[in-house]
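*Asks:*
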Amino acid sequence: MERVGDQARPDRVVVIGAGLSGLAAAHRIEERSRSSRRVVEVQVLEAKDRVGGVIWTDHEDGFTIEGGPDSFITNKPWGLDLCHRLGLDDQLIATDAGHRRSFVVRGGKLAPVPEGFVLMTPHRLAPLLASPILSWRGKLRFLMDLVIPRRDPDDGGEESLASFVRRRLGREALDRLVQPLVAGIYTADPNDLSLRATLPQFLAMESEHRSLILAAWRESRQGGARELLRNASGARYGMFVSLADGMEALPRALARAIEPGTVRTGAAVRRISRDEAAGVWLIEMLDGPPIEADAVVMATEAHVAARLLDAHDAALAHQLRAIPYAGSVIVNIAYRRDQINHPLDGFGAVVPAVEGRSILAVSFLSVKFPGRAPAGSVLMRVFLGGAMNPSALELDDDAIENVVERELGALVGASGPPLFSRIGRHPRSMPQYNLGHMERVAAIRRHLSKYAGLHLAGVAYDGVGIPDCIHAAESTADSLLDALAIAHASAA
Ligand SMILES: Cc1cc2nc3c(=O)[nH]c(=O)nc-3n(C[C@H](O)[C@H](O)[C@H](O)COP(=O)(O)OP(=O)(O)OC[C@H]3O[C@@H](n4cnc5c(N)ncnc54)[C@H](O)[C@@H]3O)c2cc1C
913 MERVGDQARP DRVVVIGAGL SGLAAAHRIE ERSRSSRRVV EVQVLEAKDR VGGVIWTDHE
973 DGFTIEGGPD SFITNKPWGL DLCHRLGLDD QLIATDAGHR RSFVVRGGKL APVPEGFVLM
1033 TPHRLAPLLA SPILSWRGKL RFLMDLVIPR RDPDDGGEES LASFVRRRLG REALDRLVQP
1093 LVAGIYTADP NDLSLRATLP QFLAMESEHR SLILAAWRES RQGGARELLR NASGARYGMF
1153 VSLADGMEAL PRALARAIEP GTVRTGAAVR RISRDEAAGV WLIEMLDGPP IEADAVVMAT
1213 EAHVAARLLD AHDAALAHQL RAIPYAGSVI VNIAYRRDQI NHPLDGFGAV VPAVEGRSIL
1273 AVSFLSVKFP GRAPAGSVLM RVFLGGAMNP SALELDDDAI ENVVERELGA LVGASGPPLF
1333 SRIGRHPRSM PQYNLGHMER VAAIRRHLSK YAGLHLAGVA YDGVGIPDCI HAAESTADSL
1393 LDALAIAHAS AA
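Below, the structure written as C-alpha cells:
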C-alpha cells in the first residue's frame, strides 16, 4: 500500500452540504492537516449547483440583492476571525453610523426602538419611558421588574422566552417589543422558544442581579454597555458587518481557499451506511458510485441528516427529526427614493404579531449598507413567514408581491410599482430552538458518540447566527481530527 508520510493512506473525510457550516468544517480540516504531518483528503458534496446554502447574493443594475443573511454580528469573534484568515479584512463593511436605530410598528406607524434598549433590557430608562411603544400601564408594569423576586430555578422547569418576559416585564413589553425583536432573529414563537438555548445571558442577569433593569444599569456603569449606548436601539446594528460584494463572498472565499476539486456541486447524497467489515462509511449518491470515508460530517439541515440516516439508524434519525424547522420568505424590493414617503432614518422595522399585519419585518438594506442600491433608489428586504405565520410560504409570487407592496404602502408610504422585486423562499431552513432543545441536542450527541467517525455540524444544534455556525463547524472539524489521530495512535 502507498504510504503518505507515516500513514498507510490519507484519511478520507466526506462533508455533506456546502453551506457555511460544511465549508467552514472542510476549510478547518485542511488548515489543520496542512500544519500537521497527517494527510487528510476532504470531499465536500453539495446537492445544489452552487455553494453557500441559505447565503446567496445577486448583483443586478447596481443593486446588491441578499437572498438570505445580509450581515453578521461581531461581538462573537468567529465570523471576523474567519474573514481575517481568508484575507477578507478589506472587504468588511460596517453599517452606516448615521442611522443606527430601528423601528417597531405601533398602531400601523413606525416608532423608534427606545435608545439603549437591547432585546429585553433598557440600558437607559428615560427613552423607554418617553417612547410611544408601551402604554403608561405597560411602562409601570415594566418597572415592576425592579421589585419582582427571582424565579426559583427549581420551580417549574425550563422557561420559554415568552413566560420569562411576561413574568419580569409584563405582557405588553412581550407583545410590543420583545416578541418582534426576537422574531427578527429566531423566526420563532416566543411561547415555544427556549430562553436557555437562545438567550441565556438574560437568565444569568436574573440569577445574578434579580432585576433586568438593575443588571443593565450596573453593566452600563461598568462601561460594558458603552458600545451599545453609542449606537444601539433594539438589535445591535452597530455591531453588525457585511462584505462589500455581498454575504455570498464568504462561502465563495471558503470554497476558493480549500484545495481545488474538493467541493463537488450537483452531488446529492441519498443515504449513509456503515460497512463494518471494511471499517468505513459508505456515502451513497443520488447519482453515481458510492464514496468511502473514514469520517463523515453531516452539515445539512437536521431533517435532511435524518433522512440520510434513516436506514442506518432509525432511532438517531428520529431524534434529528425532533428538531422543528420554520420557513421564511425574503423579498428584495426596490423603489425610486421619491416613491417612498418615510425618511427611512433607520435600518428597518419589526412588526409585532399583535399588529395583525402580513409581514414580520422590513429592513432598509441600502440605508443600513449604503452602496447596496444606486443613488436615487432604495432597496428593502421584507420578511414573511416564520413559525407564527407558516402559510406565507404557500402563497404564489403574485400574492407575495401584492402583500409586500400593500404593507410597504401602509408602513413607509411606498407608492407606485416597484423597480423590481425578487422573492427568495427558504422552506424548512430555520431550526427552532424550542423548549427541550438542549436536551434534544445532548441526546443526539450521546447517540452519535457510539459511532466512530460520524459527526454533525450546522445551524440546527449550537447557535443560529453566522459566527455560531462557523465556531460549531470548526469545533466539529477539530474533534474529528483529534478522533482520527487517537484512532491511529491506538492502532499503531
Ligand atoms: C433566511 C435566513 C436569513 C438569515 N439571516 C442571517 C443574518 O442576517 N445573519 C446571521 O448571522 N445569520 C443569519 N441566518 C442564519 C445563517 O445564515 C445560517 O445559520 C447559516 O448560513 C446556516 O448554514 P448551514 O451551512 O448550517 O446550513 P445551510 O445553509 O442550510 O446549508 C446546508 C447545505 O446542505 C445542502 N444539502 C442538503 N441536502 C443535501 C444532500 N442530500 N446532499 C448534499 N447536500 C445537501 C444544502 O443544499 C445546503 O447547501 C439566516 C438564515 C436564514 C435561513
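Mind the numbering: the sequence shown is residues 913 to 1404 in our numbering, read in order. Glycine is no exception: its CB is placed at the ideal position from the N, C-alpha and C atoms.
Would you mind reading off the limits of the alpha helix (DSSP H) that contains Asn-1314?
*Replies:* Taking the sequence shown and counting its residues from 1, the one referred to as residue 1314 is at position 402. Unbroken alpha helix (DSSP H) run through Asn-1314: 1309-1324.
*Asks:* Quick one: using the 10 Å Cβ neighbour count with 16 as the cut-off for buried, is Met-1056 buried or exposed?
*Replies:* Along the sequence shown, read from residue 1 onward, the residue named residue 1056 stands at position 144. Exposed: under 16 other Cβ atoms inside 10 Å.
*Asks:* Just checking, does the stretch 1160-1179 make contact with the stretch 1004-1017 on the three C-beta pairs under 8 Å criterion?
*Replies:* no
*Asks:* His-1254 by DSSP, collapsed to three states: which one?
*Replies:* As a working mapping, residue 1254 is identified with position 342 in the sequence shown. Residue state, collapsed to three classes: coil.
*Asks:* Could you tell me the boundaries of the beta strand (DSSP E) in which Arg-1340 lies?
*Replies:* Residue 1340 sits at position 428 when you count from the first residue of the sequence shown. Per DSSP, Arg-1340 belongs to the beta strand (DSSP E) from 1332-1343.
*Asks:* Is any heavy atom in ligand 1 found nearer than 7 Å to the beta carbon of Val-1371?
*Replies:* Translated into the one-based positions of the sequence shown, residue 1371 becomes position 459. Indeed, a heavy atom of ligand 1 lies less than 7 Å from the Cβ.
*Asks:* Quick one: Cα of Ser-1185 to Cα of Ser-947, how far?
*Replies:* If you number the sequence shown from 1, residue 1185 lands on position 273. If you number the sequence shown from 1, residue 947 lands on position 35. So the two alpha carbons sit approximately 31 Å from each other.
*Asks:* Got a sec? Which residues, its chain only, sit under 8 Å from Asp-982 by beta carbon, not counting five neighbours each side?
*Replies:* Working through the sequence shown from its first residue, we reach residue 982 at position 70. Same-chain partners within the cutoff: Ser-1154, Met-1159, Ser-1275, Leu-1277, Lys-1280, Phe-1281 and Arg-1293.
*Asks:* Across which residues does DSSP place Thr-1388 in a beta bridge pair?
*Replies:* Counting from one through the sequence shown, the residue named residue 1388 turns up at place 476. DSSP lists no partner for Thr-1388.
*Asks:* Would you call the stretch 1202-1218 in contact with the stretch 1253-1268, where contact means no fewer than 3 C-beta pairs closer than 8 Å?
*Replies:* no
*Asks:* Please tell me whether, using a cut-off of 7 Å, the distance from the CB of Glu-1442 to the nearest non-hydrogen atom of ligand 1 is below it.
*Replies:* Only positions 913 to 1404 of the chain appear in this structure, which leaves residue 1442 out of reach.
*Asks:* Verify the CB distance criterion: does Gln-1003 have a CB-CB separation below 8 Å to chain B?
*Replies:* Of the protein chains in this structure there is only one, and it is not chain B.
*Asks:* Going by alpha carbons, who is nearest to Asp-1390 out of Ser-933, Arg-940, Ile-928 and Gly-934?
*Replies:* Here the question's residue 1390 lines up with position 478 in the sequence shown. The closest CA to that of Asp-1390, considering only Ser-933, Arg-940, Ile-928 and Gly-934, is found on Arg-940.
*Asks:* Please give the ranges of any alpha helix (DSSP H) in the stretch 1010-1056, keeping only runs that are unbroken, at least 4 residues long and fully inside the region.
*Replies:* Fully enclosed alpha helix (DSSP H) runs of 4 or longer: 1037-1042 and 1048-1055.
*Asks:* Which of helix, strand or coil does DSSP assign to His-1367?
*Replies:* Taking the sequence shown and counting its residues from 1, the one referred to as residue 1367 is at position 455. It is a strand residue.
*Asks:* Can you check which of these residues, Ser-1341, Ala-1205, Arg-1079 and Pro-1102, is closest to Tyr-1237 by C-alpha distance?
*Replies:* By one-based count along the sequence shown, residue 1237 stands at place 325. Ranking Ser-1341, Ala-1205, Arg-1079 and Pro-1102 by Cα distance to Tyr-1237 puts Ser-1341 first.
*Asks:* How big is the Cα-Cα spacing for Phe-1332 and Arg-1080?
*Replies:* If you number the sequence shown from 1, residue 1332 lands on position 420. If you number the sequence shown from 1, residue 1080 lands on position 168. Their backbone Cα atoms lie some 44 Å apart in a straight line.
*Asks:* Could you tell me the boundaries of the alpha helix (DSSP H) in which Thr-1110 lies?
*Replies:* On the sequence shown, position 198 is the one that residue 1110 refers to. Segment 1107-1110, the alpha helix (DSSP H) holding Thr-1110.
*Asks:* Hey, would you say Asp-975 sits closer than 8 Å to Arg-1284, going by beta carbons?
*Replies:* Taking the sequence shown and counting its residues from 1, the one referred to as residue 975 is at position 63. Taking the sequence shown and counting its residues from 1, the one referred to as residue 1284 is at position 372. Checking the sequence shown, residue 975 turns out to be Phe, not Asp. Yes, they are a contact pair.
*Asks:* Let me check one thing: in DSSP terms, what residues is Ile-1356 bridge-paired to?
*Replies:* Against the sequence shown, residue 1356 aligns to sequence position 444. Ile-1356 is not bridged to any residue.
*Asks:* Out of Val-1209, Asp-1187 and Pro-1264, which one is the CA nearest neighbour of Pro-1202?
*Replies:* The sequence position of residue 1202 within the sequence shown is 290, counting from 1. Comparing Cα-Cα distances from Pro-1202 to each of Val-1209, Asp-1187 and Pro-1264, the minimum goes to Asp-1187.
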